[in-house]
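Q:
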Amino acid sequence: MVDGGLALFSTPVDPALRKNMTIFASPDSGRTWTPVKQLTTDRSGYSDLTEAGHGEIGVLYEAGDYPTGDARDEIRFQLVPVRRLVP
């Protein structure tokens, strides 16, 4: 939870092809979820979120080029301002 109870979750939106890593936000303790930030259109896999300070969230995730790569080809890290994640 960040900033007043905002819950965040990251996952590939296309589970069949494991691609389109997206962050979802829930302002109501997980009852509803809204996609708020797509990180990549490439293949993607496991991910983790952390508060990075200075109003940012750090996202660590598996990724690989689409369509030729695999979701496990590399590890990527991206900082995202929390203000961009409010639904």
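Residue numbers (our numbering): 1309 to 1395. Yeah, the Cβ is synthetic: ideal placement off N, Cα and C, and Gly gets one too.
#1: Using the C-alpha atoms, what's the distance from Ala1324 back to His1362?
#2: Which class does Val1344 belong to by DSSP, given the choice of helix, strand or coil?
#3: When you compare the CB positions of Leu1347 and Gly1366, do they come within less than 8 Å of one another, or not?
#4: From the DSSP output, read off the bridge partner residues of Val1390.
#5: According to the Cβ coordinates, are Ser1352 and Arg1326 closer than 8 Å?
#6: Using a Cβ-based criterion (distance less than 7 Å to any ligand heavy atom), does Thr1330 qualify as near the ligand GTP?
#7: According to DSSP, Gly1366 sits in a beta bridge with which residue or residues?
#8: Look at the alpha carbon of Tyr1374 and the alpha carbon of Phe1332, and state the distance between them as a whole number of angstroms.
A: With the structure as the only source:
#1: In the sequence shown, residue 1362 corresponds to position 54, counting from 1. In the sequence shown, residue 1324 corresponds to position 16, counting from 1. Rounded to the nearest angstrom, the two C-alpha atoms are 35 Å apart.
#2: As a position in the sequence shown, residue 1344 is number 36, starting the count at 1. Strand at Val1344.
#3: The residue you call residue 1347 lines up with position 39 of the sequence shown. The residue you call residue 1366 lines up with position 58 of the sequence shown. It is not a contact, given that the beta carbons lie outside the stated cut-off.
#4: As a working mapping, residue 1390 is identified with position 82 in the sequence shown. Beta-bridge pairing links Val1390 to no other residue.
#5: Walking along the sequence shown from the start, residue 1352 turns up at place 44. Walking along the sequence shown from the start, residue 1326 turns up at place 18. Result yes, Cβ atoms of Ser1352 and Arg1326 sit closer than 8 Å.
#6: Judged by which ligands are present, the structure shown has none, so any question about the ligand GTP falls away.
#7: In the sequence shown, the residue the question calls residue 1366 occupies position 58. Looking at the DSSP output, Gly1366 sits in a beta bridge with Thr1358 and Leu1387.
#8: Along the sequence shown, read from residue 1 onward, the residue named residue 1374 stands at position 66. Along the sequence shown, read from residue 1 onward, the residue named residue 1332 stands at position 24. Roughly 22 Å separates the two Cα atoms.
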